[in-house]
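Since the structure comes first, as structure tokens, the remarks are kept for the end.
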Amino acid sequence: MGSRLLNIQRRAAEHGRLRTGYTQGNRPVKSATWVVTSHSEEHVRKAAELWGGTPETWKPLNSTTAQWRVITQAPSIEALITPGDPLNQYNELWSAGGCQRRCDGETELLSRQPCICLARFGEDWHQQKKGVVCSATSRFNVMLPDLSGMGMWRAETHSFYAAAEWGGMVDMVLAGTDGKGFVPVTLRIEPRQVVREGKTKKFPVVVVELRGVTPRQALAGPMPTAMALDPSGVRAVAAIEAPRPDYLALAEGALTVDDVQDVYRDAHAAGHLNDELVAALKLRAEKLKNPAPEPGPDEDGAYPAEVVDEQDTEQAGTWPAVAQAGQGARA
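Just so you know, we're using my numbering here: the sequence shown kicks off at 1129 and counts up by one.
Written out as structure tokens, the structure reads:
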């Protein structure tokens, strides 16, 4: 591998943004589906193919540079958490002149003062009107594996509720992977509502969920890249390669009807039941319910002889001993 500049932080290029709203003229509109924006027409057209919608040119507010966007029909999209820490969170206050405050919840970093919103409005400062206090701003960088390019896409939310959930989710994943490897996730826009002072407020919240893997797999350390890219395919291959239990042999070895029922439950849970297996299990259960009577003596008082394979008895070490005992008795 080649060398790298040690005094520069390496990062992938940003291809565009994942938004939960758009503008109509100067009026902001909340969206129940994802809005994909980018300077690249190719990326936006591909997003429209995947998730619906019509690509169009647009200009962000207070910007003279045209971009591309598509208001998709998808409330959820597949993404990858990439190596490193993909989440940045600050309480921010913006104006036409740029960022006026950037706070980590305790210290306002631009002025180095204690949190201004907390000092003025207390613990419920986030319930004040937008523009009066900072917005809980979360920026989450992900990769969209089905779009072209190896760059990042930034999902951004100003939701106070999403800030806590994103931080908790990402921190749990990082605790398991140590920031190494990819993790498949779904970004889903979920409608929610709260009631304050008798008034109902509805708003969208972006939920980050594991996709195609269990918490055990996500927290067990960095997962293989192939699994992160196609978790459903990896599971399917594993299921095909997994050996199928010999349910008939297990049933024949059962000593009670309950044992046969356990075999039935296991086959049902694995999706291996069929008519032939069900019939065989029922027959085995009936035999255990109604065992064949033990053979009795004949009219001379003799019991039927049990035929024993000589090879088996020699391997078991019993036949030679029986033979020697018989020879001694005849002598």
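Where is the CB? At the ideal position from N, CA and C, for every residue including glycine.
Everything numeric in this text was worked out from a predicted model, so none of it was measured.
Which stretch, first to last residue, makes up the alpha helix (DSSP H) that contains residue 1300?
The residue given as residue 1300 occupies position 172 in the sequence shown. Where residue 1300 is concerned, the enclosing alpha helix (DSSP H) stretches over 1288 to 1305.
If the criterion is Cβ atoms closer than 9 Å, does the pair residue 1160 and residue 1203 meet it?
Taking the first residue of the sequence shown as 1, we reach residue 1160 at position 32. Taking the first residue of the sequence shown as 1, we reach residue 1203 at position 75. Cβ atoms of residue 1160 and residue 1203: closer than 9 Å.
How about residue 1407 and residue 1314: do their beta carbons lie closer than 9 Å?
Working through the sequence shown from its first residue, we reach residue 1407 at position 279. Working through the sequence shown from its first residue, we reach residue 1314 at position 186. Not closer than 9 Å, so no.
By how many angstroms is the C-alpha of residue 1167 removed from the C-alpha of residue 1142?
Locating residue 1142 in the sequence shown gives position 14, where the first residue counts as 1. Locating residue 1167 in the sequence shown gives position 39, where the first residue counts as 1. If you take the alpha carbons of residue 1142 and residue 1167, they lie about 10 Å apart.
Comparing C-alpha positions only, which one of 1275, 1257 and 1240 sits nearest to residue 1145?
Locating residue 1145 in the sequence shown gives position 17, counting from the first residue. Checking every option, the nearest Cα to that of residue 1145 belongs to 1275.
Taking 8 Å as the threshold, find out whether the stretch 1319 to 1331 comes into contact with the stretch 1276 to 1286 through three or more Cβ pairs.
no
Short Cβ contact (9 Å threshold) for residue 1198 with residue 1157:
Within the sequence shown, numbered from 1, the residue matching residue 1198 stands at position 70. Within the sequence shown, numbered from 1, the residue matching residue 1157 stands at position 29. Result no, Cβ atoms of residue 1198 and residue 1157 do not sit closer than 9 Å.
Please state whether DSSP places residue 1170 in a helix, a strand or coil.
Mapped onto the sequence shown, residue 1170 falls at position 42. If DSSP states are grouped into helix, strand and coil, residue 1170 belongs with the helices.
DSSP-derived helix/strand/coil call for residue 1384:
Residue 1384 sits at position 256 when you count from the first residue of the sequence shown. It is coil, neither helix nor strand.
Could you give the distance in angstroms between the alpha-carbon of residue 1188 and the alpha-carbon of residue 1151?
Taking the sequence shown and counting its residues from 1, one reaches residue 1188 at position 60. Taking the sequence shown and counting its residues from 1, one reaches residue 1151 at position 23. Answer to the nearest angstrom: the Cα atoms are 8 Å apart.
At 3 residues or longer, what runs of the beta strand (DSSP E) sit wholly inside the stretch 1215 to 1293?
1215 to 1223, 1226 to 1231, 1263 to 1270 and 1280 to 1285
By DSSP's criteria, residue 1329 is part of a beta bridge. Which residues make up the other side?
Within the sequence shown, residue 1329 is the residue found at index 201, counting from 1. Bridge partners of residue 1329: 1322.
Own chain residues within Cβ distance below 7 Å of residue 1378, not counting five before or after
One-based indexing of the sequence shown puts residue 1378 at position 250. Contacts found: 1391.
Since residue 1207 is in the beta strand (DSSP E), which residue starts that stretch and which ends it?
Start at 1 with the first residue of the sequence shown, and residue 1207 comes out as number 79. That run of the beta strand (DSSP E) goes 1204 to 1209.
Would you say the stretch 1208 to 1223 touches the stretch 1295 to 1307, given that touching needs at least three Cβ pairs under 8 Å?
yes
With 16 other Cβ atoms within 10 Å as the buried cut-off, status of residue 1174:
One-based indexing of the sequence shown puts residue 1174 at position 46. That one is buried.
Spatial neighbours of residue 1384 within its chain, please: C-beta separation below 7 Å, excluding the five flanking residues on both sides.
As a position in the sequence shown, residue 1384 is number 256, starting the count at 1. Result list for residue 1384: 1416, in chain order.
Distance between beta carbons of residue 1293 and residue 1316, contact taken as under 8 Å
Within the sequence shown, the letter at position 188 stands for residue 1316. Within the sequence shown, the letter at position 165 stands for residue 1293. Contact doesn't hold; Cβ gap of about 11 Å is too wide.
Pick from 1131, 1147, 1170 and 1190: whose alpha carbon is nearest that of residue 1153?
As a first step, residue 1153 is located in the sequence shown; it is residue number 25 there, counting from the start. Minimum Cα distance to residue 1153 is reached at 1190.
Count the other CB atoms, across all protein chains shown, that sit within 10 Å of the CB of residue 1291; report buried if there are 16 or more and exposed otherwise.
Within the sequence shown, numbered from 1, the residue matching residue 1291 stands at position 163. It is buried - the Cβ of residue 1291 has at least 16 other Cβ atoms within 10 Å.
Whole-Å CB distance - residue 1311 paired with residue 1354, under 8 Å assumed:
Counting from 1 along the sequence shown, the entry for residue 1311 is found at position 183. Counting from 1 along the sequence shown, the entry for residue 1354 is found at position 226. About 13 Å separates the two Cβ atoms, so there is no contact after all.
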